[in-house]
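> Once you've had a glance at the structure underneath, I'll fire off some questions.
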Amino acid sequence: MKILLYTLILLSGLSGFTQRFKTSESYIKFYSDAPMEDIEAINKSATSIVDLTSKAIVIVIPIKSFDFKKELMQEHFNENYLESDKYPNATFKGKITDWDESEGVSKATAKGTLEIHGVTREVTIEGDIEKSKKSLNLSTVFNIRLEDYKVKIPKAVFYKIAEEVEVTANFDYAPYEKD
Numbered sequence: 096m097k098i099l100l101y102t103l104i105l106l107s108g109l110s111g112f113t114q115r116f117k118t119s120e121s122y123i124k125f126y127s128d129a130p131m132e133d134i135e136a137i138n139k140s141a142t143s144i145v146d147l148t149s150k151a152i153v154i155v156i157p158i159k160s161f162d163f164k165k166e167l168m169q170e171h172f173n174e175n176y177l178e179s180d181k182y183p184n185a186t187f188k189g190k191i192t193d194w195d196e197s198e199g200v201s202k203a204t205a206k207g208t209l210e211i212h213g214v215t216r217e218v219t220i221e222g223d224i225e226k227s228k229k230s231l232n233l234s235t236v237f238n239i240r241l242e243d244y245k246v247k248i249p250k251a252v253f254y255k256i257a258e259e260v261e262v263t264a265n266f267d268y269a270p271y272e273k274d
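Residue numbers (our numbering): 96 to 274.
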């Protein structure tokens with residue numbers, strides 16, 4: 096949350112006309128397709144802000160807000176794998192590139208840093224942006240290798256968790272109005 100507040104302060108200090116949008120609704124799903132059991136979790140609590148003038152984007156995802164079908168999976172995810180008390184958020188900070196800014200849907204790329212489990216890596220994520228006069232929607236599907244973020248899979252459950260998980264994200268934005 097501190098990162099989002101810092102970003103809001105930074106963006107509000109930019110001079111001139113800017114087009115800023117903040118999340119009004121978010122949806123993030125991760126899916127692990129493993130030989131023994133598929134694992135899926137959904138999070139609707141992420142926050143984000145986009146500044147179309149500078150093309151800056153920040154996304155903050157509270158790890159404990161991922162909801163699993165099985166309570167035990169959720170407990171293991173938070174305590175053993177992502178250690179969410181120690182690393183409460185995943186964050187993406189970057190810039191939107193390769194985007195046709197006209198109204199409608201177009202392909203886009205975001206380049207920046209993704210921090211998960213205390214590990215920060217440079218990433219490039221492709222997706223779609225739908226722009227209208229009063230709203231913005233970002234959607235993407237990409238994969239994350241757990242070992243890249245030092246998420247260890249115990250041998251006892253190795254066949255239950257895939258080494259790579261699919262992430263689906265969708266963010267609806269509304270104009271950001273300075274108070």
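Note that the Cβ used here is the ideal one computed from N, Cα and C, for glycine as well.
What you are looking at is a predicted structure, and each value in this text was computed from that prediction instead of being measured.
1. Quick check: the Cα distance between residue 108 and residue 134, rounded to an integer number of angstroms?
2. Pull up the distance between the alpha-carbon of residue 103 and that of residue 144, whole angstroms please.
3. In terms of alpha-carbon separation, which member of 224, 211, 227 lies closest to residue 172?
4. Starting from the N-terminal side, write out each stretch of the alpha helix (DSSP H) that is 4 residues or longer and does not extend beyond the region 125-208.
5. What is the rounded straight-line gap between the Cα of residue 175 and the Cα of residue 246?
6. Checking 7 Å against the spacing of the C-beta atoms, do residue 261 and residue 232 come in under that value?
7. If you compare alpha carbons, which of 190, 159, 271, 259 is closest to residue 141?
8. Residue range of the beta strand (DSSP E) that residue 224 falls in?
Taking the structure as given:
1. With a pLDDT of 46 at residue 108, under the threshold of 50, the modelled position of that residue is not reliable, and the figure given next carries that caveat. One Cα belongs to residue 108, the other to residue 134, and the distance between them is close to 42 Å.
2. With a pLDDT of 49 at residue 103, under the threshold of 50, the predicted position of this residue should be treated as unreliable, and no value is reported.
3. Looking at the Cα atoms, 211 is the closest of the given residues.
4. Within the region 125-208, the complete alpha helix (DSSP H) segments of 4 residues or longer fall at 166-171, listed in chain order.
5. Cα to Cα, the separation comes out at about 9 Å.
6. At the C-beta level, residue 261 and residue 232 stay beyond 7 Å of one another.
7. Closest by alpha carbon: 159.
8. Residues 214-226.
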